[in-house]
Amino acid sequence: MLKVYNTASKSLEEFKPLNQKKIGIYVCGVTVYDFCHIGHGRSAVAFDLIYRYFKYKGYDVTFVKNFTDVDDKIINKANKENVSCEEISNRYIEEYYKDMEKLNIEKPTYEPKATKHINEIIELVKKLIEKGYAYEVDGDVYFSVEKFKNYGKLSHKNIDELKSGARVEVNENKKSPLDFALWKKSKEGEPWWESPWGKGRPGWHIECSAMSMKYLGESFDIHGGGEDLIFPHHENEIAQSEAATEKPFAKYWIHNGFVRINKEKMSKSLGNFFTLRDVLKKYNGETLRYFLLLTHYRSPIDFSFEGLDAAKEALNRFYNFVQRLEETEFFKDGERDENIDKYLDSMIERFELAMDDDFNAPKAVGEVFATIRMFNQYLDSVEKKDKKPFKGYREKFLEDVNKISDVLGVFDASSANWFIPEDIDVEWVKKKIEERTVARKNKDYETADKIRDELAKYGVVLEDSRNYTRWKVKR
RNA sequence: GGCGGCAUAGCCAAGCUGGCUAAGGCACGGGUCUGCAAAACCCUGAUCCCCGGUUCGAGUCCGGGUGCCGCCUCCA
Numbered sequence: 001m002l003k004v005y006n007t008a009s010k011s012l013e014e015f016k017p018l019n020q021k022k023i024g025i026y027v028c029g030v031t032v033y034d035f036c037h038i039g040h041g042r043s044a045v046a047f048d049l050i051y052r053y054f055k056y057k058g059y060d061v062t063f064v065k066n067f068t069d070v071d072d073k074i075i076n077k078a079n080k081e082n083v084s085c086e087e088i089s090n091r092y093i094e095e096y097y098k099d100m101e102k103l104n105i106e107k108p109t110y111e112p113k114a115t116k117h118i119n120e121i122i123e124l125v126k127k128l129i130e131k132g133y134a135y136e137v138d139g140d141v142y143f144s145v146e147k148f149k150n151y152g153k154l155s156h157k158n159i160d161e162l163k164s165g166a167r168v169e170v171n172e173n174k175k176s177p178l179d180f181a182l183w184k185k186s187k188e189g190e191p192w193w194e195s196p197w198g199k200g201r202p203g204w205h206i207e208c209s210a211m212s213m214k215y216l217g218e219s220f221d222i223h224g225g226g227e228d229l230i231f232p233h234h235e236n237e238i239a240q241s242e243a244a245t246e247k248p249f250a251k252y253w254i255h256n257g258f259v260r261i262n263k264e265k266m267s268k269s270l271g272n273f274f275t276l277r278d279v280l281k282k283y284n285g286e287t288l289r290y291f292l293l294l295t296h297y298r299s300p301i302d303f304s305f306e307g308l309d310a311a312k313e314a315l316n317r318f319y320n321f322v323q324r325l326e327e328t329e330f331f332k333d334g335e336r337d338e339n340i341d342k343y344l345d346s347m348i349e350r351f352e353l354a355m356d357d358d359f360n361a362p363k364a365v366g367e368v369f370a371t372i373r374m375f376n377q378y379l380d381s382v383e384k385k386d387k388k389p390f391k392g393y394r395e396k397f398l399e400d401v402n403k404i405s406d407v408l409g410v411f412d413a414s415s416a417n418w419f420i421p422e423d424i425d426v427e428w429v430k431k432k433i434e435e436r437t438v439a440r441k442n443k444d445y446e447t448a449d450k451i452r453d454e455l456a457k458y459g460v461v462l463e464d465s466r467n468y469t470r471w472k473v474k475r
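For the record, in the first sequence the residue sitting at position 431 is 431 according to my numbering, with numbers rising by one throughout.
And the structure:
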């Protein structure tokens, strides 16, 4: 039974889809005006994990993640560089895809842009005005928060408290400080579209309502995003959408926690961020993804390079084991062992149990490593007793790890991608190792050590075992 | 000021609808292997921020502290 934490109810709920096996997920994506930082990466990984797990569970998932491509920040940047907003947004969408590919993020079903849905947005705003939920003042259109009786139900805020706590309102057009813009009159130098209220552009929240409804229908299963979006963005989305359709909007609200630097939220405005680009120069995408997966998606992650190093070492351990499986000879009539039987049989089950519990990836990962330890112990003992390892164990492990890998997006079933970089001449390395083996047989250790040192310059690490020399390029 | 979250070994991190040995990873230390070395593998460690309560039994529930963080403004 899959349980998900619903921000709206502040509790774990059993996941019950709206329409059997067909589910819809909408996640707020990024505003494309700059490179993505680790926080964006975290959110992407979290929802990618969720998307993949639903598919694993047999759901037919329509996954929508938008690009906000019209916004003050984009306009500012465009004006600063003296180029169009479109050029800015297209540029950073391109960069976004490069980062996402390295993080092994699967492409959502749809990735709509706000600027391509102006008609839908205008229709929605018109409907809200007709229904009396919105009003126009001098080319701007605002949503009247007090008209929507359930306002605050997601973020658990109370309208009166919000009112008393509201900051000094700069916008004189609004009837109430809580009201928010659905449509904004365009100023000089800003992009605009024709509308019943004159030349203008959409407000921030309305695009997500318009696009989610277009691709997923008026009511859908899951809506997600970073926890900073709960208020006001998602609260406003609910108000707009439910006011317009008079139907429940999203059923489950899922929010990921922040990435922090020294206990503080990583954010553009604080300036304490690392871009994905920067980190990916030093660490590969799998390491970063694994690092992000190691903390439950709702908890804060303290970003650190020490943490990335630990993540890298953990993956080394995983791939060392895979390599061991690759290089060990297994036999159909090999030695069986009760303990390893138990662990291998239950690995997938334990994985699912963990994931069913609100996508507990850190726990799921732990189950894999626990199995690896048992398997290593088994192989050690079999070797020591000069017996043969059982072939079925390797097959079972690899088969199940493959399934797990499809969900987690880390843990390849082959060690080569991890240990052997593309730019290394494998044949040359093998030749050198052979030369060294000959030297060692002749007890010419001087030559052997020289070859070892030479290979070490290229990062090649040798592991001498009883019968052969194994090698890798350690990350 | 209002609302909410977190505090587990040297570090990271699961567990928290109470009860099996408090997962897993990193680091340290010990060992196996080895020509040496490295690598690899195995082993080893915490009674869960403090105080009080509920209970046969609490890291897990309740109350009170302390500390840290987030939202209330653009933000994944």
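Beta carbons: idealized from backbone N, C-alpha and C, even for Gly.
Note that the structure is predicted; figures quoted are calculated from it, not measured.
Subject >> the region 144 to 151 in contact with the region 202 to 213 per 3-pair CB rule at 8 angstroms >> reply: They do not touch, by the three-pair rule.
Original post:
Which runs of the beta strand (DSSP E) fall wholly inside the region 145 to 222 and span at least 3 residues, in chain order?
Top reply: Listed in chain order, they are 180 to 185 and 200 to 202.
Original post:
Just the Cα atoms here: how many angstroms apart are residue 319 and residue 312?
Top reply: Cα to Cα, residue 319 sits roughly 11 angstroms from residue 312.
Original post:
Are three or more beta carbon pairs between the region 12 to 29 and the region 62 to 81 nearer than 8 angstroms?
Top reply: Under the three-pair Cβ rule at 8 angstroms, the region 12 to 29 counts as touching the region 62 to 81.
Subject >> 8 angstroms contact criterion, which residue 470 and residue 323 should meet: CB distance rounded >> reply: Their Cβ separation, rounded to whole angstroms, is 7 angstroms, which keeps residue 470 and residue 323 in contact under 8 angstroms.
Original post:
How is residue 110 classed by DSSP in three states: helix, strand or coil?
Top reply: Three-state result, residue 110: strand.
**OP:** Jot down the residue ranges of each uninterrupted beta strand (DSSP E) in the region 32 to 98, minimum 3 residues, whole runs only, in chain order.
**Re:** With a minimum length of 3 residues, the continuous beta strand (DSSP E) runs that stay inside the region 32 to 98 are 60 to 65.
Original post:
By the 10 Å Cβ neighbour count, where 16 or more other Cβ atoms means buried, how is residue 197 classified, buried or exposed?
Top reply: Classification of residue 197: buried, given that the 10 Å Cβ count is 16 or more.
Original post:
What residue from 294, 79 and 163 has the CA that sits closest to residue 187's CA?
Top reply: Residue 79 holds the alpha-carbon nearest to the alpha-carbon of residue 187 among 294, 79 and 163.
**OP:** Count the CB pairs spanning the region 82 to 95 and the region 29 to 40 that are closer than 8 angstroms, and state whether there are at least three.
**Re:** Flag = yes, the region 82 to 95 and the region 29 to 40 touch.
Subject >> Cα-Cα separation between residue 185 and residue 68, rounded to whole angstroms >> reply: Pairing residue 185 with residue 68, the inter-Cα distance amounts to about 18 angstroms.
Original post:
When the Cβ atoms of the region 229 to 244 are set against those of the region 124 to 133, are three or more pairs found closer than 8 angstroms?
Top reply: The region 229 to 244, when compared against the region 124 to 133, does touch it at the 8 angstroms Cβ threshold.
**OP:** Check the DSSP bridge columns for residue 451 and list the partner residues they point to.
**Re:** The partner list for residue 451 (beta bridge, DSSP) is empty, contrary to what the question assumes.
Original post:
Is residue 335 near residue 279, with beta carbons less than 8 angstroms apart?
Top reply: No, these two residues do not count as a Cβ contact at 8 angstroms.
**OP:** Would you kindly report the start and end of the unbroken alpha helix (DSSP H) that includes residue 441?
**Re:** Here the alpha helix (DSSP H) through residue 441 covers 426 to 441.
Subject >> the region 106 to 123 touching the region 69 to 78, judged by at least three CB pairs closer than 8 angstroms >> reply: The answer is yes - the region 69 to 78 touches the region 106 to 123, with three or more Cβ pairs under 8 angstroms.
Original post:
If we ignore side chains and look at the alpha-carbon of each, how far apart do residue 415 and residue 56 end up?
Top reply: Each residue's alpha carbon lies about 24 angstroms from the other.
Subject >> Contact belief for residue 411 with residue 344 at Cβ below 8 angstroms, rounded distance in angstroms >> reply: The beta-carbon separation of residue 411 and residue 344, rounded to 15 angstroms, does not stay under the 8 angstroms limit for a contact.
**OP:** Name the two residues that bound the continuous alpha helix (DSSP H) containing residue 228.
**Re:** Note, residue 228: premise wrong, no alpha helix (DSSP H); not H, not E.
Original post:
If we count the other Cβ atoms within 10 Å of its Cβ and call it buried at 16 or more, is residue 371 buried or exposed?
Top reply: The residue is buried, with at least 16 neighbouring Cβ atoms inside 10 Å.
Original post:
According to DSSP, which residues form a beta bridge with residue 250?
Top reply: For residue 250, which the question treats as bridged, DSSP gives the partners 220.
Subject >> Pairwise C-alpha distance: residue 237 and residue 270 >> reply: Looking at the two C-alpha atoms, the distance is approximately 26 angstroms.
**OP:** For residue 336, name the three-state secondary structure that DSSP assigns.
**Re:** In the structure shown, residue 336 adopts coil according to DSSP, grouped into three states.
**OP:** Starting from residue 135, follow the beta strand (DSSP E) in both directions and report where the run begins and ends.
**Re:** Here the beta strand (DSSP E) through residue 135 covers 134 to 137.
Subject >> Rounded Cβ spacing between residue 265 and residue 258 (contact assumed at less than 8 angstroms) >> reply: Between residue 265 and residue 258 a beta carbon distance of about 5 angstroms is seen, short of the 8 angstroms cut, so the two are scored as contacting.
Original post:
Between residue 51 and residue 216, which are expected to be in contact by the criterion C-beta below 8 angstroms, what is the C-beta distance as a whole number of angstroms?
Top reply: Between residue 216 and residue 51 the Cβ distance is about 14 angstroms, and since that is not below 8 angstroms, they are no contact.
Original post:
Pick from 432, 394 and 252: whose alpha carbon is nearest that of residue 12?
Top reply: Ranked by Cα distance from residue 12, the options 432, 394 and 252 are led by 252.
Original post:
Run through DSSP, which three-state label would residue 295 get?
Top reply: Of the three classes helix, strand and coil, the one that applies to residue 295 here is coil, per DSSP.
Subject >> First and last residue of the uninterrupted beta strand (DSSP E) at residue 385 >> reply: Residue 385 -> no beta strand (DSSP E), and no H or E assigned at all.
Original post:
Considering only the beta carbon of each residue, do residue 254 and residue 4 sit closer than 8 angstroms?
Top reply: Yes; because the gap between Cβ atoms is below 8 angstroms, this pair is in contact.
Original post:
Any idea what DSSP makes of residue 390, helix, strand or coil?
Top reply: Collapsing the DSSP output to three states places residue 390 in a strand.
Original post:
Are the beta-carbon atoms of residue 274 and residue 38 separated by less than 8 angstroms?
Top reply: Going by C-beta atoms, residue 274 is nearer than 8 angstroms to residue 38.
Subject >> Reference residue 328; option with closest CA among 363, 315, 364 and 394 >> reply: Ranking 363, 315, 364 and 394 by CA distance to the CA of residue 328 puts 394 first.
**OP:** In angstroms with no decimal places, state the Cα-to-Cα distance between residue 376 and residue 321.
**Re:** Distance between the alpha carbons of residue 376 and residue 321 is about 8 angstroms.
Original post:
Any idea what DSSP makes of residue 401, helix, strand or coil?
Top reply: Helix, per DSSP.
**OP:** Measure the C-alpha to C-alpha separation of residue 44 and residue 473 and round it to an integer number of angstroms.
**Re:** Inter-residue distance for residue 44 and residue 473 is about 30 angstroms (C-alpha atoms, whole angstroms).
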